[in-house]
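Asker: Taking my numbering, the leading residue of the sequence shown gets 1, the next gets one more, and so forth.
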Amino acid sequence: MSDIKLNTIPEAIEDLKNGKIIIVVDDEDRENEGDFLCAAELTTPELINFMAFHGRGLICMPLPEKRCDELGLEVMVSRSSDPKETAFTVSVDLLGNGTSTGISAGDRAKTILALMDEKSKPTDFMRPGHIFPLRARKGGVLKRAGHTEAAIDLTSLAGLKEGGVICEIMNDDGTMSRLPDLHAFAQKHDMKIVSIEDLIHYQLKKGNLIERLEERKVKTAYGEFDFFAFRETSNDQIHFALTKGAWTVDEPVLVRVQSSDSYFDVLTRLNNGEKPLLEKVTNMINEAGKGAVIFINNVSNSENTLRKLQQFLNYQDGQEQHPTLAFNYRDYGIGTQILKNLGINKFKVITQNPNIKPQVGGYDVEVTELVQL
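1. Near K217, what residues of its chain come up, given a Cβ to Cβ distance below 8 Å and the 5 sequence neighbours on each side ignored?
2. Express the C-alpha separation of S104 and R231 in angstroms, rounding to a whole number.
3. Alpha carbon to alpha carbon, how far is D35 from H147? Give it in angstroms, no decimals.
4. Among V367, Y332, I338 and P45, which has the Cα closest to the Cα of G207?
5. Pull up the distance between the alpha-carbon of F327 and that of F295, whole angstroms please.
6. Please report the straight-line C-alpha distance between K5 and K290, rounded to a whole angstrom.
7. Is the beta carbon of C38 less than 8 Å from the beta carbon of V165?
8. Does K20 come out as helix, strand or coil in the three-state DSSP assignment?
9. Identify the continuous beta strand (DSSP E) that holds K244 and give its terminal residues.
10. Go through its chain and collect everything with a Cβ distance to I48's Cβ below 6 Å, but skip five positions before and after it.
11. Taking DSSP as the reference, what is the three-state secondary structure of L116?
12. Let's see if you can read the secondary structure: which residues bound the beta strand (DSSP E) around L179?
13. For D364, which of helix, strand or coil comes out of DSSP?
14. Measure from the alpha carbon of M170 to the alpha carbon of each residue in I350, P180 and G19, then state which is nearest.
15. So the alpha helix (DSSP H) M61 belongs to, where does it begin and stop?
16. Enumerate in chain order the residues of its own chain whose CB-to-CB distance from R330 is below 7 Å, with the five nearest sequence positions on each side excluded.
17. Could you please give the first and the last residue of the uninterrupted beta strand (DSSP E) stretch that includes T220?
18. Span of the beta strand (DSSP E) holding T351?
19. Sort out for me which residues DSSP pairs R67 with in a bridge.
20. Secondary structure at A87, three-state DSSP: helix, strand or coil?
21. What do you get for P323, buried or exposed, if any count of 16 or more other CB atoms within 10 angstroms of its CB means buried?
22. Buried or exposed, going by whether 16 or more other CB atoms sit within 10 Å of the CB of A246?
23. Which residues does DSSP list as the beta-bridge partners of E41?
24. Are at least three pairs of beta-carbons, each pair with one atom in the region 70-78 and one in the region 174-191, less than 8 Å apart?
25. Buried or exposed: which applies to T243, given that a residue is buried once 16 or more other Cβ atoms fall within 10 Å of its Cβ?
26. Using CA coordinates, which residue listed in R137, S100 and P45 is at the minimum distance from T86?
27. Since I believe G102 is in contact with G129 (beta carbons under 8 Å), could you give me their beta-carbon distance rounded to a whole number of angstroms?
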């Protein structure tokens, strides 16, 4: 990240336990920005005022998916165009209980504490409001390397209720604070500063989110490949990979991480073709003699996915007609863990957008090249 020395994750956890604010910085290849973070259940008006005065950014509240569902916090927009895929829900204010307009530091602290109160109901909140909940991905920073997931992971590691309060940090002139600015601010205010990359390292010590289920050779409409199926342990979703050839651990390998937004009905397409983009990717890998395509699946019903997987394998054995299955969602956290499971540590990423570098910080891997599709 730089030569600036950051604090350790245990040091940050200890400050969160004690109700203090810390600074969390993200990947240099992502936003390279910093957020204030405090534990939601320990929020005070003084902490909110500090964030608003010194941070100047939007004060948001990362919450687990389950808590968002319990409180009826629907997503703000059904189809987000945010490239960072920050999962805003509808904004809220606490109704009554001594609140007024909802914008004061005291009102916002009351709203945050009410959102953390297990006795609170959806009807206790007005929509829209001045607190912006964020729906964190299950699996934390190993699923998505964002401040939202970092807040959930860090408060959980601190033994607190999962939920945080975050605020982007700006400089006095309104520009975004970068690492040198953030480090100077942290020193001035005696605050701990940690990176999402270090948090990923810390979480990986407890194990990753990927379990290999199946491995075999298959004949597809695009040639013969090695086929792998993986289970994501945080939610039982099933993901697939096609590989060709062999490689050493230090060798850059051509890879593509693909979602169903581009590849509808993946298993069917592997058997009967009809997908020019997938054909182009596999042609590139066939020409190189080695490579991997990762298919990230976001289907909520894992039993259905496993059934479709068996249909695909049965088709390979000549026992069944074309299976069908849709995929959606690109996720380089899960994709990176799958690639490491396959022994690939250096990536030549096949992409339609060479201006966006995959977020792989914390995994001890390297993107050596972006290859235009």
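For glycine and all other residues, C-beta sits at the position ideal for the given N, C-alpha and C.
Answerer: The relevant details are as follows:
1. E224, F225, D226 and F227
2. 45 Å
3. 7 Å
4. I338
5. Here the model assigns F327 a pLDDT of 31, short of 50, so the residue's position is not dependable, and the following value carries that caveat. Roughly 8 Å between the two C-alpha positions.
6. 39 Å
7. yes
8. coil
9. I238 to K244
10. A105, R108 and A109
11. The sequence given here has Met at residue 116, not Leu. M116 falls in the helix class under three-state DSSP.
12. Unbroken run through L179 is the alpha helix (DSSP H), L179 to K188; no beta strand (DSSP E).
13. coil
14. P180
15. Where M61 is concerned, there is no enclosing alpha helix (DSSP H), although the beta strand (DSSP E) it sits in stretches over R56 to P64.
16. Low confidence applies here, because R330 scores a pLDDT of 37, under 50, leaving its location unreliable; read the following figure in that light. V257, S259 and I296.
17. I210 to T220
18. K346 to T351
19. In DSSP, R67 forms no bridge with anything.
20. coil
21. Low confidence applies here, because P323 scores a pLDDT of 42, under 50, leaving its location unreliable and the question unanswered by this model.
22. exposed
23. In DSSP, E41 forms no bridge with anything.
24. no
25. buried
26. R137
27. 5 Å
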